[in-house]
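Residue numbering for the sequence shown is -9 to 471, as defined by this note's numbering.
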Amino acid sequence: MRILIVDDSENSLQGLGVVLQDLGYDPVPCRSAEEALEAAEREAFPLVITDIRMPGMDGIELLARLKADERSRLSDIVIITGHGDMETAIEALRKGAYDYLNKPINARELAAIVRRSAEHQALLRENRDWRKRFTRRVDEATEEVRRDLDRVRDQLRSATGIGSIVAQSQAMRRLVEETRLYHSNPEVPVLLEGETGTGKEVLARLIHFGERGNDAPFVAINCSAIPANLFESELFGHAPGAYTGSTRKGAQGKLELAGTGTLFLDEVAEMPLELQPKLLRVLESRRFFRVGGVREVEFQARVICAANRNLDELVTKGSFRRDLYHRLKVGHMVIPPLRQRTEDLAPLAQNFLEREAVRKRKRFQAISLEALHLLAAHDWPGNVRELENTIERAVLTCDDVELKPEHVAFLTRDSAAAPPAAAPSLAPGRMTLPDDRLDLEELIDTVVRLALEKCRGNKSRTAEYLGISRFALHRRLQKDR
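Structural data, given as structure tokens:
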């Protein structure tokens, strides 16, 4: 994929180009917005990455000019912004920018954005092709064409999410139908419940973008990744000088940044108990104050929440407010684990195989029946995310036209290598210490890893099992990376 990169800084332009080349893409550098427009007239670039602040025409004007041009109106445009330009970045998102990157650019974030854009563009191209085919055959009005059009619409709905969604099983088909209902009723809050890796955020994005897309922001918060003492400011923003360490100009919170779009609260069960009544008040009054602020701010966004823990049980235990739970549950979707919707396994695996083969330039085209039997025999505690990672690992390490059992044999090897479910070796009174020395950090890492495996990758249950906070577990896992 050819990517147009625009920056007046020669060092930034070269550095960005090197990273993109290492990722397997073809960067086309431009040192000004004017030069970029000339390049865009000669060819259509699926992705444009541009700095905001440049001499002459800035990145915002370049965004407007590209979106107004028929050749480049479907290009994904990513804005590079400094920390002082966040308001400008938000303005760019509202004007049609695909995403933004903060300086200094993080290579992982850049790779993730470029990968999503490539998937988005591929599905847009397929959508255009299918629409042309449908136009040519519309006079036939056959059932086959109508099924094809439904498939294309499903793909277009998933194009703006973090991945594709497969709805072969009756349960997933019903959930996808429900997203249409919630998309057309933005005033209704929606609660998504399901195990880790089942695709809750994908469904949240389907609710937000709908069939025809949505230019309004989709703002996501992982409630488990924010320290409790910063959560209120992150959600509500803060007034100038509201507390020690706050910015002079104040800052918008995620409630405000969501605008007329969607606020997605992932792992909402981890929200501090003392903040839950404040969120409830926002949902009821549609207004809020910044931290330390004296002026009310209007809240216009829809709210979608996701939880991988049973909120009903948490309400009974008193660790989640009952009134907030029922307010969030006006719209309610429960995503079944992958092991309960086996009809989706084969098409999901094929989808991931085709995508990874393109990304990694491998020959894989199909999955053998024997390999499918091996995949079907696995329990998939990590659900769709685990399946996706499994296919990616197989494509990374092997190359063939067909995915065979030996390509995914590590599934059975990993299961066989897992420690047996015996009596816990760290039970009180059963521990013995080495004579020479004890590496306490290594012991802690081992205990955390085993607890995570025991809880099937569910971080909230792992933290509860270990008797530590969700945030403490998150910091430990980040440290081990």
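No residue lacks a Cβ here, since even glycine has one placed at the ideal position from N, Cα and C. If you're wondering where the values come from, they're calculated on a predicted model, not measured in any experiment.
Per the C-alpha coordinates, the member of Asp(-2), Val9, Gly14 positioned closest to Cys20 is Asp(-2).
Residue Val293 holds the alpha-carbon nearest to the alpha-carbon of Lys319 among Ser174, Ser65, Asn341, Val293.
Inter-segment contact for the stretch 308 to 323 and the stretch 251 to 271 is present: three or more beta-carbon pairs are separated by less than 8 Å. The beta strand (DSSP E) runs lying completely inside the stretch 51 to 132 and spanning 3 residues or more are 66 to 71, 89 to 92, given in chain order. Taken through DSSP and simplified to helix, strand or coil, Gln330 comes out as helix. Per DSSP, Val287 is one residue of the beta strand (DSSP E) stretching across 286 to 288. In the displayed model, Cys213 falls within a helix according to three-state DSSP. By DSSP's assignment, Leu255 forms a beta bridge with Ile211, Cys295. Setting aside the 5 residues that flank it on each side, Leu463 is surrounded in the same chain by Val438, Lys449, Thr452, Ala453, Leu456, each with a C-beta closer than 8 Å to its C-beta; the list follows chain order. In the same chain as Asp313, and ignoring 5 residues on each side of it, the C-beta atoms closer than 7 Å to its own belong to Leu270, in chain order.
Residue pairing by DSSP places Cys445 in no beta bridge whatsoever. Note that the stretch -4 to 11 touches the stretch 36 to 46; at least 3 beta-carbon pairs, one per stretch, sit closer than 8 Å.
Between the C-alpha atoms of Arg277 and Glu288 there is a straight-line separation of about 5 Å.
In the three-state reduction of the DSSP assignment, Arg439 falls in the helix class. Selection Pro45, Ala87, Glu28 evaluated against Lys57 yields Ala87 as nearest (Cα-Cα). Residue burial annotation: His110 is buried, with at least 16 other C-beta atoms found within 10 angstroms of its C-beta. Taking a contact as a CB-CB distance under 8 Å, the pair Pro395 and Ala366 does not count as one, their CB atoms being some 12 Å apart. In the DSSP annotation of this structure, the continuous segment of the beta strand (DSSP E) that includes Glu183 starts and ends at 180 to 183. Here Ile434 is exposed, its C-beta having fewer than 16 other C-beta atoms within 10 Å.
Met162 has no beta-bridge partner at all, per DSSP. The stretch 373 to 390 makes contact with the stretch 325 to 333; the number of CB pairs closer than 8 Å reaches 3 or more. Here the C-alpha atom of Asn300 lies approximately 21 Å from the C-alpha atom of Ala210. Gly251 is a Cβ neighbour of Asn204, given a cutoff of 8 Å. Following the DSSP letters along the chain, one finds Gly321 inside the beta strand (DSSP E) bounded by residues 321 to 324. For a cut-off of 8 Å, the C-beta gap from Pro337 to Val156 is around 5 Å, short enough to register as a contact. Contact between Pro179 and Gly321 holds: their C-beta atoms lie close to 6 Å from each other, under 8 Å.
Leu430 is classed as exposed because its beta carbon has fewer than 16 other beta carbons within 10 Å across all chains shown.
In the DSSP assignment, Gly227 is bridged to Gln242.
From the listed residues His368, Arg460, Cys295, the smallest Cα separation to Arg403 is found for His368. Straight-line spacing of the CA atoms in Glu28 and Ala79 works out to 24 Å. Within the same chain, and ignoring the five residues on either side of Arg170 in sequence, the residues whose Cβ sits closer than 8 Å to its Cβ are Gly200, Glu201. Following the DSSP letters along the chain, one finds Thr40 inside the beta strand (DSSP E) bounded by residues 37 to 41.
A distance below 7 Å between beta-carbons, with the five flanking residues on each side excluded, links Thr380 to the following residues of its chain, in chain order: Val398, Leu401.
Going by DSSP, Pro19 is part of the beta strand (DSSP E) stretching over 16 to 20. Residue state for Glu392 is assigned as strand, using DSSP reduced to three classes. When DSSP states are grouped into helix, strand and coil, Phe310 belongs to the coil group.
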